[in-house]
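Asker:
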Amino acid sequence: MGTDQSNILQVRDLYVKVKTKNSTTTLVQDINFELKRGRVLGLVGESGCGKTVTSMSILQLLDRKTTTIEGSIVLQGRELNDLDDKEMRKIRGKDIAFIMQNPMNAFTPVFTIGHQFIETICSHTPCNKKQATELAIEAMHHVNLPDPVKLLKYYPFQLSGGMLQRVMIAIAACLHPAVIIADEPTTALDVNNQKIVLRHLDKIRTEYNSAILLISHDLGVISEMADEVAVMQNGRIVEKADVFQLFDEPQHEYTKKLLNARSILHLDESIIHLA
Ligand SMILES: Nc1ncnc2c1ncn2[C@@H]1O[C@H](COP(=O)(O)OP(=O)(O)OP(=O)(O)O)[C@@H](O)[C@H]1O
């Protein structure tokens, strides 16, 4: 296998446990997967199965006081599990970009979009403020954000969820990260902007050889974007396969159920259209 296909992120025997007053609950267990350069791994499964917990543990964003992460998370040869906060801050954004499910949580409410966008670029690259501003404007154009110069002056509350989600994607794209974790990146978007954002993510993947962990409920998006798919149920990966194999010949009962639910949904939609 050539270098281009080499593993950029390896997750081994990952367990995440949360400590409550009298007990410990396991949120995810025995998680194993790898991301390869320029490839997309889709992560699917019903709400609450542990997709976000898995991605937050990779980014070391879970509360260290209440959760423990066991196992190994190796990014470009470096172990991330238990790395101190200062080191993780250097890695987040630059080496791993995170497109959060809830875009409101990604921004500090008291600073403008421009301040946060430009700070992020300047703190991870040798760009000065002027260059960072130009980069930000260009990146915002790529995700179909109207009038970026004006938007940079706005505060997060002045933008819709869909616009904030696209700002997050624009920030991620600017830094050409080795890995992008995209947690439901298109849920807040209309169909047209979904297409633009997915096309843009695909462009980042091909241009910069970024690996993408794509978390989505939308099996249509997964089938279009992913090379491989991991299916999660109750905190475990129950099946992992090449995208064609998974959709054509699902092995696990739960995967079959997910795919069937999708066909039923499609059938319902066509009945609604006919009515
Ligand atoms: N800090 C926490 N403390 C306790 N339980 C938690 C914590 N974070 C998540 N959970 C629980 O862990 C489980 C997995 O949650 P997670 O958010 O990873 O699910 P998900 O698959 O991403 O769901 P969705 O698709 O709805 O986003 C859920 O039962 C959730 O309630």
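Heads up, the sequence shown stops at 286 in our numbering, and the numbers go up one at a time, no gaps. Glycine included, C-beta positions come from ideal geometry on N, C-alpha and C.
1) Would you please state the rounded distance, in angstroms, between the beta carbons of residue 120 and residue 166? I believe it to be under 8 Å.
2) Specify which residues have a beta carbon nearer than 5 Å to any heavy atom of ligand 1, listing them in chain order.
3) Rounded to a whole number of angstroms, what is the C-alpha to C-alpha distance between residue 125 and residue 118?
4) Could you tell me which residues DSSP puts in a beta bridge with residue 53?
5) Can you tell me whether DSSP reads residue 204 as helix, strand or coil?
6) Out of 67, 168 and 182, which one is the CA nearest neighbour of residue 145?
7) Going by DSSP in three states, residue 26 sits in which element: helix, strand or coil?
8) For residue 250, name the three-state secondary structure that DSSP assigns.
9) Measure the Cβ-Cβ separation of residue 238 and residue 85 and say whether it is below 7 Å.
10) If you reduce the DSSP assignment to three classes, tell me which class residue 75 lands in.
11) Looking only at its own chain, which residues have a Cβ that is under 6 Å from the Cβ of residue 35, when we skip the five neighbours before and after it?
12) For residue 260, which three-state DSSP category applies?
13) So is residue 157 buried or exposed if we call it buried at 16+ other beta carbons inside 10 Å?
14) Would you kindly work out how many angstroms separate the C-alpha atoms of residue 191 and residue 109, rounded to a whole number?
15) For the structure I just gave you, are there three or more beta carbon pairs, one from the segment 15–25 and one from the segment 37–51, closer than 8 Å?
16) List the endpoints of the continuous alpha helix (DSSP H) containing residue 154.
Answerer: Reading off the structure:
1) Taking the sequence shown and counting its residues from 1, one reaches residue 120 at position 109. Taking the sequence shown and counting its residues from 1, one reaches residue 166 at position 155. Their Cβ separation, rounded to whole angstroms, is 7 Å, which keeps residue 120 and residue 166 in contact under 8 Å.
2) Here the residues come out as 29, 38, 58, 59, 60, 61, 62, 63 and 64.
3) Working through the sequence shown from its first residue, we reach residue 125 at position 114. Working through the sequence shown from its first residue, we reach residue 118 at position 107. Taking the straight line from one Cα to the other gives about 11 Å.
4) Here residue 53 corresponds to residue number 42 of the sequence shown, with the count starting at 1. BP columns for residue 53 point to 225 and 240.
5) By one-based count along the sequence shown, residue 204 stands at place 193. Helix at residue 204.
6) Position 134 of the sequence shown, counting from 1, holds the residue named residue 145. That would be 182, whose Cα lies nearest to the Cα of residue 145.
7) Position 15 of the sequence shown holds residue 26. Strand.
8) Indexing the sequence shown from 1 puts residue 250 at position 239. Reduced to three states, the DSSP call for residue 250 is strand.
9) As a first step, residue 238 must be located in the sequence shown, where it is residue number 227. As a first step, residue 85 must be located in the sequence shown, where it is residue number 74. Their beta carbons are not under 7 Å apart, which means residue 238 does not touch residue 85 by this criterion.
10) Sequence index remark: in the sequence shown, residue 75 carries index 64 (1-based). DSSP places residue 75 in coil when its eight states are reduced to three.
11) Reading the sequence shown from its first residue, position 24 is the one you call residue 35. Cβ neighbours of residue 35 beyond the five flanking positions: 28.
12) As a first step, residue 260 is located in the sequence shown; it is residue number 249 there, counting from the start. Residue 260 sits in coil when the DSSP states are folded into three classes, being neither helix nor strand.
13) Reading the sequence shown from its first residue, position 146 is the one you call residue 157. Exposed, by the Cβ-count rule.
14) Position 180 of the sequence shown, counting from 1, holds the residue named residue 191. Position 98 of the sequence shown, counting from 1, holds the residue named residue 109. About 6 Å.
15) yes
16) Against the sequence shown, residue 154 aligns to sequence position 143. Run containing residue 154: none; DSSP gives neither H nor E here.
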